[in-house]
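In this note's numbering, the protein residues as written are 1 to 101.
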């Protein structure tokens, strides 16, 4: 959450083109994340960006995106999810991976 909060507060300073956008949710402590161009398969990414899955992942990591966040984004994007809400007050759901980094 600390990374997400910093990213949102300094968004203008961050690199764009990483196929996700973060935004604040004014009525709660959560942060929203819009995934662009899902699903993030090689075939689909070649049509959108001319890049392959592995190069997008590396670009995200090179931009300072934590690996745990990149992993969550990829799992979501492969499932063709378009919107994620990171809510520090939400209950833990049984069976889902937990990233405490």
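Glycine is no exception: its CB is placed at the ideal position from the N, C-alpha and C atoms. Because the structure is a prediction, the values reported are computed rather than measured.
Since residue i and residue j should fall inside the 8 angstroms C-beta cutoff, what is the C-beta to C-beta distance between them, to a whole number of angstroms?
{"i": "residue 99", "j": "residue 72", "result": "6 angstroms"}
Spatial neighbours of residue i within its chain, please: C-beta separation below 8 angstroms, excluding the five flanking residues on both sides.
{"i": "residue 61", "result": "67, 70"}
{"i": "residue 5", "result": "31"}
{"i": "residue 89", "result": "28, 29, 30"}
One question on the structure: do residue i and residue j come within less than 8 angstroms of each other, judged by their Cβ atoms?
{"i": "residue 31", "j": "residue 20", "result": "no"}
{"i": "residue 87", "j": "residue 28", "result": "yes"}
{"i": "residue 77", "j": "residue 39", "result": "yes"}
Going by CA-CA distance only, name the one from the options that's closest to residue i.
{"i": "residue 17", "options": "58, 95, 84, 78", "result": "58"}
{"i": "residue 7", "options": "83, 65, 45, 95", "result": "65"}
{"i": "residue 41", "options": "79, 22, 10, 4", "result": "79"}
{"i": "residue 75", "options": "55, 96, 2", "result": "96"}
{"i": "residue 1", "options": "63, 85, 94", "result": "85"}
In chain order, what residues of the same chain have a beta carbon less than 6 angstroms from the beta carbon of residue i, not counting five sequence neighbours either side?
{"i": "residue 23", "result": "32"}
Tell me, which residues are paired with residue i by DSSP?
{"i": "residue 32", "result": "23, 85"}
Between which residues of its own chain and residue i is the CB-CB distance below 7 angstroms, once the five residues before and five after are set aside?
{"i": "residue 48", "result": "37"}
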